[in-house]
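In my numbering, the protein residues as written are 16 to 256. Every residue, glycine too, gets a C-beta built ideally from N, C-alpha and C. Shown next, in structure tokens, is the structure this report addresses.
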């Protein structure tokens with residue numbers, strides 16, 4: 016059965032183009048022109064496999080749609096690509112704050128969007144595969160089977176992308192991971208697409224890890240790594256934090 020992409024955008028001509036392109040690539044499509052209808056269709060079984068969501072909708076914003084979907088257990092892991100005509104960094108940050116997986120600024124290459132759709136669906140499929148046993152280091156416990164992270168027994172709420180980023184850094188701790196490597200292995204994107212996406216998600220992940228945020232070091236001009244012996248005092252690395 017073809018994977019289904021729900022397009023939520025009030026620009027009818029753009030939706031027509033995206034539907035044609037997605038169907039040509041072998042996807043099934045649904046369309047909605049308001050946030051309310053997008054929410055309804057996202058929750059209507061069988062649900063879509065991915066949503067292409069416009070930021071500026073006539074009734075409720077795309078960020079609010081995303082926030083509601085992430086707050087519903089049935090749609091919390093649904094891959095979402097946000098479309099916007101605005102290229103302000105604050106818009107991207109807000110989009111990632113509410114759980115957007117990727118961010119595309121209008122005008123954009125339809126071909127590039129198709130590549131991002133496929134990359135996100137591949138990553139989502141990998142995330143749903145049977146996982147390995149839980150891993151622990153100090154107070155941190157990562158349980159891939161339950162898709163759950165706890166610190167000293169307290170659960171930390173992470174998006175699917177944040178979870179995969181943490182797991183990748185954890186499994187490769189002590190080794191620097193460049194932004195291009197993280198884009199390839201965590202996002203499933205070709206190298207060179209963007210670096211701000213990686214930086215934004217690392218910042219969010221550190222914030223959620225709270226006192227353990229210093230475990231993830233910045234190597235300026237290179238990338239990021241998780242410390243091999245994170246129980247050491249983090250004061251020395253705060254400058255690179």
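Looking only at 202, 184, 170, 120, the smallest Cα-Cα distance to residue 94 is reached by 202.
For residue 43, the uninterrupted beta strand (DSSP E) run begins and ends at 43-47, by DSSP. Here DSSP, grouped into helix, strand and coil, assigns residue 192 to strand.
Per DSSP, residue 113 is not a residue of any alpha helix (DSSP H), being assigned neither H nor E. The residue among 116, 121, 122 with its C-alpha nearest the C-alpha of residue 132 is 116. In the structure shown, residue 214 falls within a helical segment according to DSSP collapsed to helix, strand and coil. When DSSP states are grouped into helix, strand and coil, residue 53 belongs to the helix group. In this structure, residue 219 sits away from residue 186, with a CB-CB distance that is not shorter than 8 Å. The alpha-carbon separation between residue 39 and residue 189 amounts to approximately 44 Å. Looking only at 224, 225, 180, 21, the smallest Cα-Cα distance to residue 238 is reached by 180. Within the same chain, 125, 129 come within 7 Å of residue 36 by CB-CB distance, once the 5 residues on both sides are set aside. Taking 8 Å as the upper bound for CB-CB distance, residue 90 and residue 121 are not in contact here, some 24 Å apart. For the pair residue 72 and residue 49, the CB atoms are nearer than the 8 Å cut-off.
Straight-line measurement puts the Cα of residue 136 at about 12 Å from the Cα of residue 17. Between residue 53 and residue 20, the C-beta gap is not smaller than 8 Å, which leaves the two residues out of contact. Taking the C-beta atoms as reference points, residue 46 is found nearer than 8 Å to residue 22. Contact between residue 171 and residue 223 holds, since their C-beta atoms are separated by about 6 Å, short of 8 Å. Under the DSSP assignment, residue 158 falls outside any alpha helix (DSSP H), being part of the beta strand (DSSP E) whose first and last residues are 155-158. A distance below 8 Å between beta-carbons, with the five flanking residues on each side excluded, links residue 26 to the following residues of its chain, in chain order: 69. For residue 69, the uninterrupted beta strand (DSSP E) segment begins and ends at 65-69. For residue 119, the closest alpha carbon among the candidates 138, 55, 97 is that of 97. Counting along the chain, the unbroken beta strand (DSSP E) around residue 166 starts and ends at 163-166. Straight-line spacing of the CA atoms in residue 162 and residue 184 works out to 16 Å. If you draw a straight line from the Cα of residue 148 to the Cα of residue 74, it comes to about 44 Å.
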